[in-house]
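A.B. asks:
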Amino acid sequence: MEVAVKYFSYFGGYERKLDLTKEPFELMQEHIFANYGYIHKAVVDLSGGDNMSNTILSAIAVGDGRAHAAVKRSRLSKSDGYRIIENLCEDEMLVSVSANVKQEKDEVEISDKLYFPSPFLRFWFAFISPYFKGIKAGEYDEVKEKFDKYKDEFINLIFEQLCEELLKMNIDERIDSIGNYWDNKVELDLLVKTRSKKIIACSCKYTNAKIKKSELTKLQEKCVEANIDADAYVLFSKKGFSSELKSLKSESIKLFTVKSLKQLIQKETK
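In structure tokens:
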């Protein structure tokens, strides 16, 4: 599943069959660089291809998806940035997702976050579009340097999205809201409110180390700081969990590894 998550993060939505025994950059050379003109035309048909749209899309692709952060990163004016984002959402080049978690006394708003409709489009605007001049000239050193530097970090957001879909499958009641949470002090990878007003706080870690009890403690402390009265905690991990943390598993503390994502594949094949 680690291999599946990695390649899906880069090429999910790409139409041609890929040889997953090859390294990602080798596949980039074989499929993307060699067919740059054809793929570029297809992407332009979706995005419009103007410079300001490309700038915003690249800012979103390499960022955390927050609209205000993307506009700031793009160095466009707020009016231009938000206008372009609105147009891209209307054209379904971007998807805006929001959620609200309402507790008994306070309403906690979860701001909109922007996603690409496929991982490949995000990959394109992160690693291909900004370096089109070199790619067209057959010079790949710059894009390879950028890809090698950020290829692991790039997977984090897709892993988080996959965890969200997995979580939906493992909650046995209606979900009223689900998504990222942040305020001025605290950020949570996922926060869920169910129909029965149950609150579930989640942490998603795509790292090469087992997750320890300290990660659970950190998640609990964040909830306290944000005045979120969580009923349950869910942790997702690439490499599993320490024995101490596994011993704490219960109805209110659930643990999932990357292997658990097989449920998503099984769902699609039914």
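Going by this note's numbering, the sequence shown opens with residue 594, and the numbers climb by one from there. Positions of the beta carbon are idealized from the N, C-alpha and C atoms, including for glycine.
1) In this structure, how does DSSP classify Val779 when only helix, strand and coil are distinguished?
2) Could you give the first and the last residue of the continuous alpha helix (DSSP H) run that contains Lys815?
3) Give me the DSSP bridge partner(s) of Phe829.
4) Please classify Ser835: does DSSP put it in a helix, a strand, or coil?
5) Out of Asp638, Gly641, Ser640, Ser667, point me to the one whose CA is closest to Ala652's CA.
6) If you measure from the beta carbon of Tyr603 to each beta carbon in chain B, is any gap under 8 Å?
7) Sort Arg659, Lys798, Glu814 by Cα distance to Cys756 and report the nearest one.
8) How would you call Thr810, buried or exposed, if buried means at least 16 neighbouring beta carbons within 10 angstroms?
9) Does the segment 812-820 come close enough to the segment 839-852 to have 3 or more Cβ pairs within less than 8 Å?
10) In the structure shown, what three-state DSSP assignment does Gln859 receive?
11) Going by DSSP in three states, Arg609 sits in which element: helix, strand or coil?
12) State the DSSP-derived secondary structure class of Thr648, mapped to helix, strand or coil.
13) Who are the near neighbours of Ser789 in its chain, counting only those whose CB is closer than 7 Å to its CB and skipping five residues on each side?
14) Thinking just about the alpha-carbon of each residue, which of Val598, His633, Asn773, Glu616 is nearest to the one in Gly658?
15) Under the DSSP definition of a beta bridge, which residues are partnered with Leu707?
C.D. replies: The relevant details are as follows:
1) coil
2) 806-818
3) Cys797, Phe849
4) coil
5) Distance from the Cα of Ala652 is smallest, within the candidate group Asp638, Gly641, Ser640, Ser667, for Ser667.
6) In the structure shown, chain B does not exist; there is a single protein chain.
7) Lys798
8) exposed
9) no
10) helix
11) Arg609: coil per DSSP, three-state reduction.
12) Helix.
13) Glu766
14) Asn773
15) Ser689
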